Amino acid sequence: MSRIKITMPTDYTYKVSIPVRITDLNYGNHLGNDKLLSILHEARVMFLNHFGYTEMDCAGVGLIMADVAIEYKNEAFYGDVLSIQLVAGDFSRVGFDLYYLVQTETKVIAKAKTGMVTFNYQSKSVVAVPEILLSQFVSQNI
1445 MSRIKITMPT DYTYKVSIPV RITDLNYGNH LGNDKLLSIL HEARVMFLNH
1495 FGYTEMDCAG VGLIMADVAI EYKNEAFYGD VLSIQLVAGD FSRVGFDLYY
1545 LVQTETKVIA KAKTGMVTFN YQSKSVVAVP EILLSQFVSQ NI
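Per our numbering, the sequence shown runs over residues 1445 to 1586.
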């Protein structure tokens, strides 16, 4: 059976710390896969806020997640503080990817990528990526 392999970037533009909460644990007493996706969403919102944006107003356009891939590498437990590094890349005319490197002080927990499409929620249609996003998202350093 083939496994998902995400080619991760070497440089990131944003870093955030998010603790694993007791409500993030599953029956195995470790971070649940569904909760990791929620943590990635939180990190994405914080990334956008860093630039003064939201998912509904990102330089005048909305964002919608078109796909997600997660490579689970290790368990995380209650009390672990996840360091999540993000960077945008692979820009197209109507979208881009966000990459997430999730780790604790001692190990990589997961590698992830979300495909984000620039979207007009009023007309329910994809729209072009604003030029300013390309320059802002890739030129910042953590």
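All C-beta atoms, glycine included, are put in the ideal place defined by N, C-alpha and C. Since the model is a prediction, treat every value here as computed from it, not as a measurement.
- Going by DSSP, F1491 is part of the alpha helix (DSSP H) stretching over N1477 to H1494.
- Separation of the CB atoms of E1515 and I1450 is rounded to 5 Å, and the pair is thereby assigned contact status at 8 Å.
- Residues of the same chain with a CB within less than 7 Å of the CB of Y1456, apart from the 5 flanking positions on each side, are Q1529, L1530, V1531, L1545 and I1586 in chain order.
- In this structure, Y1458 lies near H1494, with their beta-carbon atoms less than 7 Å apart.
- Note: V1505 is bridge-paired with C1502 in the DSSP secondary-structure output.
- With fewer than 16 other Cβ atoms from the protein chains shown falling within 10 Å of its own Cβ, I1576 counts as exposed.
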